[in-house]
Amino acid sequence: MAAPRSTTWRIRCANRKRIYSHGNAAHVSQDAQIQQVVGEVAARVYAAEACTLKAAVPAQQAYLARFAGDDAAERAANVAAEIESATAQVVVSTLIQRATSELFNALGASDVRQGKALDRHWRNARTVSSHNPLIYKARIVGDWVINGTEPPFVWQIGNGPAKA
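Now the structure itself:
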């Protein structure tokens, strides 16, 4: 993930001499609170990567099931992949949006400048979760967990027939 790398680079940067008068160290890289923020951001990224890798397994299994010639197994694999993907999207989007917002707690006001474009990390995370709205993904997961309702396999955005 690029967000922690950008933040870490800014903190380590040798030419960053300014500190906060109420900070905990003579250099920002030694400030315990800054280290905590970066640690929390890194942990969220770690969890997001773990969720993504976990969701990739049933996606691969669904791909392979397509060629096995067993329609029931293929359908079950597709359901598993869709549920795992939706679950991961809910978790990962939340983790990354929070991480990309909180990283600014470890930076200074100058790091919010448009020219540095560090806000792009948050915008990218927000765009992905808007493209795949979390409210619908969470509902699909909840309906599966509670009722065993299979998820939709065909997604449509825009104009279409109204649902009852």
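Per full-length UniProt numbering, the sequence shown starts with residue 1, numbered consecutively.
Don't be surprised by glycine CBs; every beta carbon is placed ideally from N, CA and C.
- At least 9 Å separates the beta-carbon of A76 from that of A59.
- T127 sits exposed, since fewer than 16 C-beta atoms from the chains shown fall within 10 Å of its C-beta.
- Taking C-beta atoms under 8 Å as the contact rule, L103 and V141 fail to qualify, at a distance of about 28 Å.
- By the Cβ rule, the segment 27-40 does not count as touching the segment 58-73, because fewer than three pairs are nearer than 8 Å.
- Contact check for Q97 against W122 passes: the beta carbons are separated by less than 9 Å.
- According to the DSSP assignment, G39 belongs to the alpha helix (DSSP H) that extends over A32 to A65.
- Taking a C-beta distance under 9 Å as the contact criterion, N105 and V37 qualify as a contact pair.
- Put simply, the backbone Cα of E150 is about 13 Å away from that of S85.
- Taken through DSSP and simplified to helix, strand or coil, H27 comes out as coil.
- At the C-beta level, T100 and C51 stay beyond 9 Å of one another.
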